[in-house]
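In the order they appear, the protein sequences are chains A and B. Following full-length UniProt numbering, the residues of the first sequence are numbered contiguously, the last one being 212. Following full-length UniProt numbering, the residues of the second sequence are numbered contiguously, the last one being 250. Backbone N, C-alpha and C fix where the C-beta goes; we use that ideal spot for every residue, glycine too. Only a predicted model underlies this, so the values are computations on that prediction, with no experimental measurement involved.
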Amino acid sequence: MPKFPVVINRRDTVKNSSSKKDMENYNINESYLDIQLTGRKGKSVYKEPLKFTKIDEVLKKTVITPGFEKLESVPAYQESDRIMQKKRKKERERTKGSNWFNMPATEVTDEVKSDLEILQMRSVLDPKHFYKKNDLTVLPKYFQVGKVIDSPVDFYHSRVPNKERKRTIVEELLADSEFKRYNKRRYKEIIEERRKTHYKAHANARKLKRKK
Amino acid sequence: MYLFIGGFKGGKNVIIEPHRHEGVFIARGKEDALVTLNMVPGEAVYGEKRISVEDGENKIEYRVWNPFRSKLAAAILGGVDQIYMSPGSKVLYLGAASGTTVSHVSDVVGPEGLVYAVEFSHRSGRDLLNMAKKRTNIIPIIEDARHPHKYRMLVGMVDTVFADVAQPDQARIVALNSQYFLKNGGHFVISIKASCIDSTAQPEAVFASEVKKLQADKLKPQEQITLEPYERDHAVVVGVYRPPPKSKGG
Numbered sequence: 001m002p003k004f005p006v007v008i009n010r011r012d013t014v015k016n017s018s019s020k021k022d023m024e025n026y027n028i029n030e031s032y033l034d035i036q037l038t039g040r041k042g043k044s045v046y047k048e049p050l051k052f053t054k055i056d057e058v059l060k061k062t063v064i065t066p067g068f069e070k071l072e073s074v075p076a077y078q079e080s081d082r083i084m085q086k087k088r089k090k091e092r093e094r095t096k097g098s099n100w101f102n103m104p105a106t107e108v109t110d111e112v113k114s115d116l117e118i119l120q121m122r123s124v125l126d127p128k129h130f131y132k133k134n135d136l137t138v139l140p141k142y143f144q145v146g147k148v149i150d151s152p153v154d155f156y157h158s159r160v161p162n163k164e165r166k167r168t169i170v171e172e173l174l175a176d177s178e179f180k181r182y183n184k185r186r187y188k189e190i191i192e193e194r195r196k197t198h199y200k201a202h203a204n205a206r207k208l209k210r211k212k
Numbered sequence: 001m002y003l004f005i006g007g008f009k010g011g012k013n014v015i016i017e018p019h020r021h022e023g024v025f026i027a028r029g030k031e032d033a034l035v036t037l038n039m040v041p042g043e044a045v046y047g048e049k050r051i052s053v054e055d056g057e058n059k060i061e062y063r064v065w066n067p068f069r070s071k072l073a074a075a076i077l078g079g080v081d082q083i084y085m086s087p088g089s090k091v092l093y094l095g096a097a098s099g100t101t102v103s104h105v106s107d108v109v110g111p112e113g114l115v116y117a118v119e120f121s122h123r124s125g126r127d128l129l130n131m132a133k134k135r136t137n138i139i140p141i142i143e144d145a146r147h148p149h150k151y152r153m154l155v156g157m158v159d160t161v162f163a164d165v166a167q168p169d170q171a172r173i174v175a176l177n178s179q180y181f182l183k184n185g186g187h188f189v190i191s192i193k194a195s196c197i198d199s200t201a202q203p204e205a206v207f208a209s210e211v212k213k214l215q216a217d218k219l220k221p222q223e224q225i226t227l228e229p230y231e232r233d234h235a236v237v238v239g240v241y242r243p244p245p246k247s248k249g250g
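Next up, the structure:
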């Protein structure tokens, strides 16, 4: 059997195209080439091609990343304890913590903010409803906005029809005609009262209003 | 304040905030309600109202906890200082009944916690079993709480014992179970119904005598509140079992 001087350099094999299974599918013994796939002790010499070269590994730790030239200074290899503490604190403050199942600090948009404010001032909404005083003087940091799920049981007595559903609490209130009527009346009363008790300030305010 | 007349109609918007107690939340709308995070989203246990929250792509759900149906919820709203059922803790629940409160306790302790629910009656135990099928952190036990040795192989060491058994020998039942399962320095929460213990005596006298009995069994009471607007002649006693000795001079 003629032996060809075939040298197989394992490092030169094409990456990720050949694997052990592929090699087993070929019957190498019947080819012209005599490739010695078994070592001295009968062990298979063939190994998986290396996924990463050593250079890749070293490059992982490199400071020179894309966009490096835009940085003002070379970033430090190690971050100081204080900066790490700050980072951890920031990370921790993103949620309420595992004791409240990681309730997130929701982003406060204008709509959400007005909803939270109306909840704080809800004691003025309904004259016949008593509310305990608020336990927070500021707006809450951790909260979520939810919607009550429909239940087939209270279809007839406790449901908002689809047409009257709104996205926020404020919109719900504005759609409530009785609430609007009460509020308008109350506003007029207050203005009238101010006219009597603080007539100077009231006149001044009206003057300013006219000037505008 | 916690009657759900106008504020919790289907389709209304509410804001969920964390409660002072760990694992418990408040839903604020026109009215306020106590809620817990539903462990099994999409399912109500006893027809209670649910609130869905869409947080990006993942949906979560809260269940409203009615203080008129649950003495623990009534105690929380009554302002009890501690319930000793934080997420991840193990609770032995005596007198589970159909499992309405148990389901909320299982919500509160979360997937890392555990609730051993003991109920003697087979009829209400059936509902409890069906509920426990869907909630993996509940271990239902249909057995008499007077004989803890019958289920000692099922129950491990627990952090808190909750008892709502409404029996004349309630204090003895709690003491027996604490001796078996409650860790030293663990806590107990007991709801006492005065008329079930002595219907002729004054409720206050009944509560005092029950507290005396507890003290005799090394169950040291720390707090007692009545469940007044929600239940009549009921008291909830919270305390510690075999507290560690106080260190002298700090």
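Mapping DSSP to helix, strand and coil, what is residue i?
i	result
threonine 200(B)	coil
glutamine 78(A)	coil
glycine 42(B)	coil
asparagine 99(A)	helix
glycine 83(B)	The amino acid occupying residue 83(B) in the given sequence is isoleucine; glycine does not appear at that position. Correct three-state label for isoleucine 83(B): coil.
methionine 62(B)	Residue identity check: residue 62(B) is tyrosine in the sequence provided, not methionine. If DSSP states are grouped into helix, strand and coil, tyrosine 62(B) belongs with the strands.
lysine 220(B)	strand
residue 226(A)	Because residue 226(A) is not part of the residues shown, which for chain A are 1 to 212, the question remains open.
histidine 187(B)	strand
threonine 160(B)	strand
glycine 56(B)	coil
I'd like the list of long-range same chain contacts for residue i, defined as Cβ closer than 7 Å, with 5 residues on each side in sequence excluded.
i	result
valine 240(B)	Gly185, His187, Lys220 and Gln222
serine 195(B)	Asp233
glycine 88(B)	Val109, Gly110, Glu112 and Gly113
valine 165(B)	Leu94, Gly95, Ala145 and Ile173
threonine 168(A)	Glu111 and Asp115
asparagine 204(A)	none
valine 14(A)	For valine 14(A), the predicted structure reports a pLDDT of 46, less than 50, and the residue's modelled location is therefore unreliable. The matter cannot be settled from this model.
At the level of alpha carbons, what is the spacing between residue i and residue j?
i	j	result
tyrosine 180(B)	lysine 212(B)	21 Å
valine 206(B)	tyrosine 230(B)	19 Å
valine 158(B)	glutamate 143(B)	18 Å
phenylalanine 168(B)	glycine 79(B)	In the sequence under discussion, the amino acid at residue 168(B) is proline, which differs from the phenylalanine named in the question. Proline 168(B) and glycine 79(B): Cα-Cα distance of roughly 26 Å.
phenylalanine 130(A)	isoleucine 118(A)	15 Å
arginine 210(A)	aspartate 126(A)	33 Å
lysine 200(A)	glutamate 192(A)	13 Å
serine 247(B)	valine 161(B)	26 Å
glutamate 172(A)	glutamine 120(A)	16 Å
glutamine 85(A)	asparagine 66(B)	42 Å
isoleucine 190(A)	glutamate 178(A)	18 Å
lysine 54(A)	arginine 92(A)	36 Å
tyrosine 187(A)	leucine 208(A)	20 Å
phenylalanine 68(A)	isoleucine 83(A)	21 Å
Looking only at its chain, what residues have a beta carbon closer than 8 Å to the beta carbon of residue i, apart from the 5 residues adjacent to it on each side?
i	result
threonine 106(A)	Val112, Tyr142, Phe143, Gln144 and Val145
isoleucine 26(B)	Ile16, Glu17, Pro18, His19, Asp32, Ala33, Leu34 and Val35
arginine 50(B)	Asn38, Ala44, Glu61, Tyr62, Arg63 and Val64
alanine 13(B)	With the sequence shown as reference, residue 13(B) is identified as asparagine, and alanine is not the correct amino acid for it. Closer than 8 Å at the Cβ level, and outside the excluded window around asparagine 13(B), lie Gly29.
asparagine 102(A)	Thr95 and Lys96
Short of 6 Å in beta carbon distance, which residues of its chain neighbour residue i, apart from the five on each side in sequence? Order them along the chain.
i	result
alanine 132(B)	Ile138 and Pro140
At the 9 Å Cβ level, is residue i part of the contact set with chain A, yes or no?
i	result
asparagine 137(B)	no
alanine 44(B)	yes
isoleucine 16(B)	yes
glycine 78(B)	no
Checking 9 Å against the spacing of the C-beta atoms, do residue i and residue j come in under that value?
i	j	result
alanine 171(B)	aspartate 233(B)	no
lysine 71(B)	valine 236(B)	yes
glutamate 22(B)	serine 124(B)	no
glycine 11(B)	asparagine 162(A)	yes
valine 118(B)	valine 91(B)	no
proline 104(A)	aspartate 55(B)	yes
alanine 75(B)	serine 209(B)	no
Under a CB-based cut-off of 9 Å, is residue i close to chain B?
i	result
asparagine 204(A)	no
phenylalanine 143(A)	yes
proline 140(A)	yes
residue 213(A)	The question about residue 213(A) has no answer here: the residues shown for chain A are numbered 1 through 212.
proline 66(A)	no
leucine 116(A)	yes
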